[in-house]
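What the sequence shown shows, in the numbering used here, is residues 24 to 429, in sequence order. Ideal Cβ positions, reconstructed from N, Cα and C, are used throughout, including at glycine. None of these values were measured; they are calculated from a predicted model. Heads up, the thing below is written out as structure tokens.
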Amino acid sequence: MDLFPVLKELHQKSPRKILLVVLDGVGGLPPESGGPTELEAARTPNLDRLAVESALGLLTPVYPGLTPGSGPGHLALFGYDPFRYVVGRGALSALGLGVDFREGDVALRGNFATLGPDGQVLDRRAGRPSTEENQRVVAKLQEAIPRIEDVEVYFYTESEHRFLVVLRGEGLGDGITDSDPQKTGLPPLKAQALDEASRKTARIVNLLSERIQEVLKDEPGINGALFRGASRRPSFPSMAEVYGLKAAAIASYPMYKGLAALVGMEVLPVEGEGDAHEGKLKALQENWERYDFFYLHFKKTDAKGEDGDFWGKVAEIERFDALLPEILRLDPDILAITGDHSTPALLKGHSWHPVPLLLKAPYLRKDGALRFTEGEAAKGSLGHLRGVELMPLLLAHAGRLLKYGA
Ligand code: ZN
């Protein structure tokens, strides 16, 4: 159900601040049966102490059994129904690369491909070129194809065979079919408009495919491009509109900043490379008085899980634990710590398993949990929530929701 109309009615001002910490992919699994999960294996004295005075629960990010990408996982944590507020593949790539992507633009994911003499696809990934080779070809295309008709065309390297195109012009819908045939031996497909508003986009994409083949005709490996996932920059209601919150995001990686910007958060600059603990802490401290809500994101827990690096993920959890006392010194009224999905090192990828949730707030029934782990969370008094249910809970604890009904 869409709770936004209700929340719009009920929200009120409050001086209490909410801090939502997302440890990306923090949920895990024991690599061997009976062994500890990453959270259980980590030495986390600060999280343990916090767990004692908090309430715990489990959170299913999107839906039981669904393995979410970070996009839907995060939108759910921000309270946006991930089945209703959908970010297309192209748009998510544009956010991920952090490129100039405006309202009205259409983004498409591209694969560089090798085409045979009759135009059929020989290799959908053009022999997996190096990213440097990709950059060289992208520069060549950008120079040769600045626009098609009145539409500006922007090319961006993603990695290896993957690139991104952003189309900017009037009247571009995103209802078109993919040109990627998804198998070899067939020619690239013609993009077809699925609605009237997208006819121009289909024409531009088909002309673009032809132009790319002309420009690359003498290239040995990369001589064609396949497109999919055409999508416009989505236009979502802001957190200010829906919750009455002045919200800020502290994240290092472009996709998370992009997702936060989509829901109207102000993205604060963070100094430093990688997860930049110092830079994030500084951004939080310096802006603490200026916002009602902070989203603080840490990426490395997920990255290590994706690598299948159990102890690397453990170390990242411990690194966060070491930062926690500095965060607590700000004395957030409402503090939630959770993940946007599980990324068990055992599975080397995202999974459908629920993630643990910790909530510290003034009016709580404490659980007597001794640690922040999946097992303790499963026994917690918050029970088992869906991702989208977190924001109303945080708002309530912050004294930001009026009574519903008489
Ligand atoms: Zn994630």
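Quick check: the Cα distance between residue i and residue j, rounded to an integer number of angstroms?
i                 : j              : result
phenylalanine 250 : histidine 97   : 26 Å
lysine 371        : leucine 380    : 22 Å
arginine 409      : arginine 234   : 47 Å
valine 44         : glutamate 156  : 38 Å
glutamate 172     : tyrosine 103   : 37 Å
leucine 405       : proline 105    : 22 Å
valine 176        : isoleucine 350 : 44 Å
valine 286        : proline 260    : 6 Å
glycine 119       : tyrosine 279   : 7 Å
lysine 303        : leucine 413    : 23 Å
threonine 396     : glycine 88     : 20 Å
glycine 57        : glutamate 399  : 15 Å
leucine 231       : arginine 342   : 47 Å
glycine 192       : threonine 224  : 10 Å
glycine 267       : tyrosine 314   : 11 Å
glutamine 35      : alanine 263    : 11 Å
leucine 164       : alanine 419    : 52 Å
serine 37         : asparagine 229 : 53 Å
leucine 145       : aspartate 241  : 16 Å
glutamate 126     : asparagine 134 : 24 Å
arginine 66       : tyrosine 276   : 26 Å
isoleucine 199    : alanine 220    : 10 Å
leucine 387       : glycine 295    : 36 Å
Assuming residue i contacts residue j (C-beta within less than 8 Å), just tell me the rounded distance between them.
i             : j             : result
serine 202    : leucine 212   : 5 Å
glycine 113   : leucine 131   : 5 Å
glycine 227   : valine 161    : In the sequence as displayed, the identity of residue 227 is isoleucine instead of glycine. Between valine 161 and isoleucine 227 the Cβ distance is about 18 Å, and since that is not below 8 Å, they are no contact.
glycine 247   : leucine 138   : 4 Å
glycine 150   : glycine 244   : 5 Å
threonine 366 : glycine 328   : 3 Å
serine 182    : threonine 154 : 5 Å
Return yes when the Cβ of residue j is within less than 7 Å of the Cβ of residue i, no when it is not.
i                 : j             : result
glycine 80        : glycine 403   : yes
alanine 359       : tyrosine 318  : no
alanine 284       : valine 293    : no
aspartate 332     : alanine 368   : yes
arginine 159      : alanine 421   : no
valine 337        : glutamate 55  : no
arginine 394      : alanine 74    : yes
aspartate 197     : valine 129    : yes
asparagine 69     : leucine 347   : yes
serine 374        : threonine 90  : yes
aspartate 363     : alanine 78    : no
isoleucine 357    : leucine 417   : yes
leucine 100       : threonine 324 : no
phenylalanine 124 : arginine 256  : yes
valine 122        : alanine 167   : no
glycine 94        : valine 110    : yes
leucine 42        : proline 415   : no
Only counting runs of 4 or more residues, tell me where the alpha helix (DSSP H) segments fall wholly within the region 60 to 89, in order along the chain. 61 to 64, 68 to 75
Among all residues, which have a Cβ less than 6 Å from at least one non-hydrogen atom of the ligand ZN, and in what chain order do they fall? Asp47, Gly48, Ser93, Gly96, Asp325, Asp363, His364
Quick one: complete beta strand (DSSP E) runs, 3+ long, within the region 232 to 284? With a minimum length of 3 residues, the continuous beta strand (DSSP E) runs that stay inside the region 232 to 284 are 247 to 255, 270 to 273.
For the region 313 to 392, which segments carrying the alpha helix (DSSP H) assignment without a break, of at least 4 residues, lie completely within its bounds, in sequence order? 323 to 329, 333 to 351
Can you list the alpha helix (DSSP H) stretches of 4 or more residues lying completely in the region 86 to 126, in chain order? The alpha helix (DSSP H) runs lying completely inside the region 86 to 126 and spanning 4 residues or more are 93 to 100, 112 to 120, given in chain order.
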